[in-house]
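Heads up: the sequence shown at position 332 corresponds to 335 in the working numbering, and the numbers run straight through without jumps.
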Amino acid sequence: MMGALKNHRDERVSVSVEELVPQDHFLRAIEATISFDFIEEKLRPYYCENNGRPSIHPIVLFKMMFIGYFYGIRSERQLEKEIKTNIAYRWFLGFSLSDTIPDHSTISWNRRTRFIHTNIFEEIFDEIVRQATEHRMVGGRALMTDSTHIKANANKNKFVHKYKKEKAKFYIDELEAAVIEDREVHGKKELKPRKESDTPTKKTRISTTDPDSGFLMRDGKPNGFHFLDHRTTDAKYNIITDTYVTAGNMADSEPYLARLQAQIDKFDFKVEAVALDAGYFTGYICKKLSERNIFMVMGYRRFGKRNKEVPKSQFKYVEEINVFACPMGCILEYVTTDREGYRQYKSNPEDCAVCPLREVCFSKKQKQKVITHHVWEKYKDIARKNKLTATGKRLYKVRCSTIERSFADAKELHGYRYARFRGLKSVQMQAHLTAACQNMKKIALHLTKKGQAEGYFFKFYYFMLFLFAKIKKDFRVLGTLKGFPTL
4 MMGALKNHRD ERVSVSVEEL VPQDHFLRAI EATISFDFIE EKLRPYYCEN NGRPSIHPIV
64 LFKMMFIGYF YGIRSERQLE KEIKTNIAYR WFLGFSLSDT IPDHSTISWN RRTRFIHTNI
124 FEEIFDEIVR QATEHRMVGG RALMTDSTHI KANANKNKFV HKYKKEKAKF YIDELEAAVI
184 EDREVHGKKE LKPRKESDTP TKKTRISTTD PDSGFLMRDG KPNGFHFLDH RTTDAKYNII
244 TDTYVTAGNM ADSEPYLARL QAQIDKFDFK VEAVALDAGY FTGYICKKLS ERNIFMVMGY
304 RRFGKRNKEV PKSQFKYVEE INVFACPMGC ILEYVTTDRE GYRQYKSNPE DCAVCPLREV
364 CFSKKQKQKV ITHHVWEKYK DIARKNKLTA TGKRLYKVRC STIERSFADA KELHGYRYAR
424 FRGLKSVQMQ AHLTAACQNM KKIALHLTKK GQAEGYFFKF YYFMLFLFAK IKKDFRVLGT
484 LKGFPTL
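What follows is the structure, given as structure tokens:
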């Protein structure tokens, strides 16, 4: 029998928001496990104590932002509409059904004016990491780092060309010192100082919409203006411990060591191992990690054989006498060390002229084989050997379920494919709030499973489990004494 169509839209019911929100709702778990009291203390300096109209409470303001990032609501105007009609959102903010929801412009004004030149978003993110640490969800011993591109809010066809001098390597001083030392050891005279005019210029595209973004043009990546999020997660529970945004055309390796040190300083990590992508496989990073006694595992790019030449891997380096030996047994002797730190080793042209591998060893225009070997190559060799060990294989495999999973969740569930705002500072704010929400979700779900969450639902649930276990035990005892049936 078909049921009757009911229309109770005008019916008045005496009910509270507390009764309408399901006890197993996700936001209840967040409220029960995350302490937001620190927000009020951190934001107190940004408000006047004795003048002006009362504002909405800072905790409410940031909870509204968190809702937008929890559920991937990109528009602050849309966020206001969603809170008006969603009872769970009202409960999370402490509003009744009749309370007026703060206007979306309040969020926008605070974000663009009050907090734009502050570190408050980073401080809030750091505090969430500390709460995870208190719950023993962060070990600080094994860290995974990678980067992902965020599409900028900018038209890829609106740009101007500018010629910029290429930025000097951030480790140029240490590299020059290593080159000078290496040339002295080999009896070579010192190179002339670098001239500013020697610095090459590069033609770059600057967006007229968002100049802070960088143009990305790479195989397998969409062309356009992007930002780059350099993110680090802890291997224990995949808690995000750092997120740092740069222009999309910056190399992965450039900010890595500074961000690693920032985490050590803030959270007192005792880093023992790191797993990195191929973009971080540079001599300088390998050198610095090796000096810190950090076990490093890195990917490396496989390049195709150029003109079917005999690859460098077929030449054996003899460190004792500082020469390379080719597959046919001929020697390639040291010649010089260039400014970039590469030692050059060359073979004897007479040996190459009669060699049976001459046609496949190097091009027809050359008369001898030339191999380059960086002064920091031995540190890269350590990383290569680490990856072949059982520990290295396990550690590198964990990247798929940690840092890669973290990026996937951010893009699929939290709207992280696209920059919500323009400007580096605003996108950095988006990165901190997204990462903070991802961490809060992990904390809430982890503590809920362990039964450490506070609140009526969780206390009642685990009380019932305890009660059932006790009753089951009592029935077993009674069954042995008086013939009662056992459970």
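Every residue, glycine too, gets a C-beta built ideally from N, C-alpha and C.
What does the Cβ neighbour count give for residue i, buried or exposed, with the cut at 16 atoms within 10 Å?
| i | result |
| --- | --- |
| M5 | exposed |
| N389 | buried |
| Y50 | exposed |
| C329 | buried |
| A7 | exposed |
| Y465 | With a pLDDT of only 49 at Y465, under 50, the local geometry of the prediction cannot be trusted, and the value read off the model is given with reservation. Exposed is the call here. |
| C403 | exposed |
| T249 | buried |
| P359 | exposed |
| R197 | exposed |
| M220 | exposed |
| K66 | buried |
| Y348 | buried |
| R12 | exposed |
| I123 | buried |
| L82 | buried |
| V18 | exposed |
| Y303 | exposed |
| I76 | buried |
| A180 | exposed |
| G395 | buried |
| S38 | exposed |
| G223 | exposed |
| F487 | Reliability of the predicted coordinates at F487 is poor, the pLDDT of 32 falling under 50, and no value is obtained from them. |
| R139 | exposed |
| L141 | Inspection of the sequence shows that residue 141 is occupied by Val rather than by Leu. With 16 or more Cβ atoms within 10 Å of its Cβ, V141 is classed as buried. |
| V188 | exposed |
Checking the sheet assignment: what are the DSSP bridge partners for residue i?
| i | result |
| --- | --- |
| E336 | V326 and K349 |
| Y399 | Looking at the DSSP assignment, Y399 forms no beta bridge with any residue, so it has no partner. |
| I153 | F230 |
| G217 | H229 |
| D245 | T235 |
| M299 | V277 |
| D146 | The identity of residue 146 in the sequence shown is Leu, whereas the question assumes Asp. BP columns for L146 point to D237 and V277. |
| V321 | V326 |
| F162 | S210 |
| A250 | F230 |
| K191 | According to DSSP, which records beta bridges pairwise, K191 is partnered with nothing at all. |
| K168 | T204 |
Which residue comes first and which comes last in the alpha helix (DSSP H) that contains residue i?
| i | result |
| --- | --- |
| I123 | I123 to E137 |
| S409 | I406 to L416 |
| T109 | H107 to W112 |
| S429 | L427 to K453 |
| V141 | Looking at the DSSP string, V141 is not in any alpha helix (DSSP H), and its letter there is neither H nor E. |
| F270 | Y259 to F270 |
| Y419 | No alpha helix (DSSP H) holds Y419; DSSP gives it neither H nor E. |
| Y92 | I90 to L96 |
| Y287 | G286 to E294 |
| L178 | I175 to V188 |
| R361 | R361 to C364 |
| D40 | D40 to L46 |
| T36 | F29 to T36 |
| V20 | V20 to L23 |
Just reading off the beta strand (DSSP E) that residue i is part of, what are its end residues?
| i | result |
| --- | --- |
| A278 | A276 to L279 |
| R208 | T204 to S210 |
| I374 | V373 to H377 |
| K383 | Where K383 is concerned, there is no enclosing beta strand (DSSP E), although the alpha helix (DSSP H) it sits in stretches over E380 to L391. |
| F73 | Premise fails: F73 lies in the alpha helix (DSSP H), P61 to F73, not in any beta strand (DSSP E). |
For residue i and residue j, which I take to be in contact (beta-carbon distance under 8 Å), what is that distance rounded to the nearest angstrom?
| i | j | result |
| --- | --- | --- |
| I406 | D149 | 5 Å |
| G251 | S216 | 6 Å |
| I242 | V132 | 7 Å |
| L398 | A276 | 6 Å |
| E43 | P61 | 6 Å |
| T204 | K167 | 7 Å |
| Y259 | I288 | 6 Å |
| G227 | K154 | 6 Å |
| F173 | E257 | 6 Å |
Pairing CB atoms from the stretch 270-287 with CB atoms from the stretch 376-386, are three or more of them under 8 Å? yes
Would you call the stretch 115-128 and the stretch 435-453 touching, i.e. three or more CB-CB distances under 8 Å? yes
Count Cβ pairs between the stretch 78-97 and the stretch 10-29 that sit closer than 8 Å; are there 3 or more? yes
Within 8 Å, do at least three Cβ pairs link the stretch 108-125 to the stretch 227-238? Contact fails: fewer than three Cβ-Cβ distances are below 8 Å.
Are three or more beta carbon pairs between the stretch 445-453 and the stretch 420-433 nearer than 8 Å? no
Please determine if the stretch 172-186 and the stretch 336-355 are in contact, where contact requires at least 3 C-beta pairs separated by less than 8 Å. Taking a cut-off of 8 Å for Cβ pairs, the stretch 172-186 and the stretch 336-355 touch, as three or more such pairs fall below it.
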